[in-house]
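The structure appears right after this line, and notes come after that.
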Amino acid sequence: GGGASGPRPSPGCPQRRLGPRERRYLQREILAVLGLPGRPRPRAPPAAARLPASAPLFMLDMYRAMAGDDDEDGGTPERRLGRADLVMSFVNMVEQDRTLGRQEPQWKEFRFDLTQIPVGEAVTAAEFRIYKLPSTHLLNWTLHISMFEVVLEQSNRESDLFFLDLQTLRSGDEGWLVLDVTAASDRWLLNRSKDLGLRLYVETDDGRSVDPGLAGLLGQQAPRSKQPFVVTFFRASPGPVRAPR
Amino acid sequence: AVRPLKRRLPKRTNELPPPNKLPGIFDDVHGSHGRQVCRRHELYVSFRDLGWLDWVIAPQGYSAYYCEGECSFPLDSCMNATNHAILQSLVHLMKPEAVPKACCAPTKLSATSVLYYDSSNNVILRKHRNMVVRACGCH
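Just so you know, the sequences run in chain order W and V. Here this note's numbering is used: position 191 in the first sequence is 191, and no number is missing along the way. Here this note's numbering is used: position 57 in the second sequence is 57, and no number is missing along the way.
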């Protein structure tokens, strides 16, 4: 669904059903060209959850931009994509909150499984996208949203964090907040077995920590079309070497 | 390769067909011995036929165009022949047992982008260059 654009059979194009053997052979060859070791088997969401999700919606938009450049192979790429040939989006699998009632700063943490990133791909950019609603608790406040990578969790103290990005906005603002997490990519490419942990803090002008949820930032409990995700852009790398047939 | 069904030639008209239409009577598509000259043939592979729509989001299929046809002397301008191909086809006439005809092959290719889910339900968008034949010629 979604009305994605793409090649469709032209009116004069011959239509013929593929036989079972042809179909298997064609599948194997196309998967090899796409650089996939096998046919992906995504988990089907339950029927009630089959509403458009944020990451696929965003990626569909990116697809239309990229497909629009396909006929101009070698020409000026669409500005948003730069020279990226591979774009991957990741939905977070775990979300933790430390919120009101404690002395320590409040935060919201997201974990992403990056084990599906192909080996040898060079990251050109990475973004964390989270939707913000107008805050009903903090009226006319300036909020500072900072994002850190969780480098090392410590059992007896605060985790080791690496600063990634800071955005300033008003409490009444609404829309997708985009935080640059490119700086984290060096580490995650070295340590693929470890999940990427991103921690988000919200502070006011006078340094007071604010619950990200009260600031209007939506997490995993949000509607599917407004759930947070990470999107990563990769520079073209030579395709995997295919075994001779 | 999957071969397309034979096509009927379009009816005579007073207008020139657009370049991307199948060749009709205005195009000299028949080379020596009635064989077709080198040109692009259209073929579309539907991902629905492959049963892939549970993981491929877009596009719906792949334009598996291919090049086929004769590269015989004299090579016409519509064959996009290189100078070398023209010479080779001439030499082939003189020494057919030693020198083959020029090859009918893609001269221009374009990319295709594919949007799909992986097994972890991440969404992947990948551009694959030089995937779709835009033009064929004798090389």
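Just so you know, even glycine gets a beta-carbon here, dropped at the ideal spot from N, CA and C.
(1) Let me make sure I understand the geometry here. Which of W:GLY19, W:LEU214, W:SER171, W:ALA32 has the alpha-carbon closest to that of ASP97 (chain W)?
(2) With a cut-off of 8 Å on the beta carbons, I'd call PRO40 (chain W) and ASP118 (chain V) a contact; round off their distance for me.
(3) The alpha helix (DSSP H) with TYR25 (chain W) in it runs from where to where?
(4) Run down chain W in chain order and give the residues with a C-beta less than 7 Å from the C-beta of THR112 (chain V).
(5) Under the three-state reduction of DSSP, which class applies to VAL91 (chain V): helix, strand or coil?
(6) Counting contacts by CB-CB distance shorter than 8 Å, is ALA58 (chain V) in contact with chain W?
(7) Excluding the 5 residues flanking SER46 (chain V) on each side, which residues of the same chain have their C-beta closer than 7 Å to its C-beta?
(8) Which residues, in chain order, does the stretch 99 to 123 of chain V contribute to contact with chain W at a C-beta distance below 9 Å?
(9) Report yes or no: do the stretch 125 to 135 of chain V and the stretch 95 to 113 of chain V share at least 3 C-beta pairs separated by less than 8 Å?
(10) Which runs of the alpha helix (DSSP H) at least 4 residues long sit entirely within the stretch 171 to 226 of chain W? Give them in chain order.
(11) Beta-carbon of VAL45 (chain V) versus every beta-carbon of chain W: anything under 8 Å?
(12) Using a Cβ-Cβ distance cut-off of 8 Å, determine whether GLU95 (chain V) contacts chain W.
(13) Helix or strand or just coil, what does DSSP make of GLY38 (chain W)?
(14) Does the Cβ of GLY51 (chain V) have 16 or more other Cβ atoms within 10 Å, making it buried, or fewer, making it exposed?
(15) Go to GLY61 (chain V), then tell me how far its beta strand (DSSP E) extends in each direction, as first and last residue.
(16) With a CB to CB cut of under 6 Å and the five nearest residues on each side skipped, what residues in its chain are close to TYR131 (chain W)?
(17) Would you verify that the beta carbon of HIS128 (chain V) is, or is not, closer than 8 Å to some beta carbon of chain W?
(18) Helix or strand or just coil, what does DSSP make of LEU161 (chain W)?
(19) Helix, strand or coil for THR70 (chain W), going by three-state DSSP, please let me know.
(20) Are any of the Cβ atoms in chain W nearer than 8 Å to that of CYS66 (chain V)?
(21) Any idea which residues DSSP pairs TRP107 (chain W) with across the strands?
(22) At a Cβ cut of 8 Å, what residues of the stretch 112 to 131 of chain W count as close to chain V, listed as they run along the chain?
(23) Might you give, ordered along the chain, the residues of its own chain that have their beta carbon closer than 6 Å to the beta carbon of LEU166 (chain W), omitting 5 neighbours on each side?
(24) Within the 8 Å Cβ cut-off, does VAL202 (chain W) reach chain V?
This is what the structure gives:
(1) Of the candidates W:GLY19, W:LEU214, W:SER171, W:ALA32, W:LEU214 places its Cα closest to the Cα of ASP97 (chain W).
(2) Contact holds; Cβ gap of about 5 Å.
(3) Counting along the chain, the alpha helix (DSSP H) containing TYR25 (chain W) begins and ends at 20 to 33.
(4) In chain order: ASP70.
(5) Helix.
(6) Interface with chain W (8 Å Cβ-Cβ cutoff): ALA58 (chain V) is included.
(7) Leaving aside the five residues that flank SER46 (chain V) on each side, the residues in its chain whose CB is nearer than 7 Å to its CB run, in chain order, GLN60, GLY61.
(8) Residues of the stretch 99 to 123 of chain V that bring their beta carbon within less than 9 Å of a beta carbon in chain W comprise LYS108, LEU109, SER110, ALA111, THR112, SER113, VAL114, LEU115, TYR116, TYR117, ASP118, SER119, SER120, ASN121, ASN122, VAL123, in sequence order.
(9) With the cut-off at 8 Å, the stretch 125 to 135 of chain V and the stretch 95 to 113 of chain V touch.
(10) Runs of the alpha helix (DSSP H) inside the stretch 171 to 226 of chain W: 185 to 190.
(11) It does: the Cβ of VAL45 (chain V) has a partner Cβ on chain W nearer than 8 Å.
(12) A small fix is needed here, since residue 95 (chain V) is Lys in this sequence, not Glu. It does not; no Cβ of chain W falls within 8 Å.
(13) It is coil, neither helix nor strand.
(14) Per the 10 Å Cβ criterion, exposed.
(15) For GLY61 (chain V), the enclosing beta strand (DSSP E) covers residues 61 to 63.
(16) So the list reads TRP176, LEU218, LYS226, once near-sequence residues are dropped.
(17) At least one chain W Cβ lies under 8 Å of HIS128 (chain V).
(18) Secondary structure at LEU161 (chain W): strand, using DSSP grouped into helix, strand and coil.
(19) Checking the sequence, you will find Asp at residue 70 (chain W) rather than Thr. Helix, per DSSP.
(20) Correcting the residue type first, residue 66 (chain V) is Tyr in the shown sequence and not Cys. For TYR66 (chain V), the answer is no, since every Cβ of chain W falls outside 8 Å of its Cβ.
(21) Paired residue(s): W:ARG98, W:TYR201.
(22) Close to chain V, meaning a Cβ-Cβ distance shorter than 8 Å, are the following residues of the stretch 112 to 131 of chain W: ASP113, THR115, GLN116.
(23) Cβ neighbours of LEU166 (chain W) within its own chain (closer than 6 Å, five residues either side excluded): SER146.
(24) False, the Cβ-Cβ gap to chain V never drops below 8 Å.
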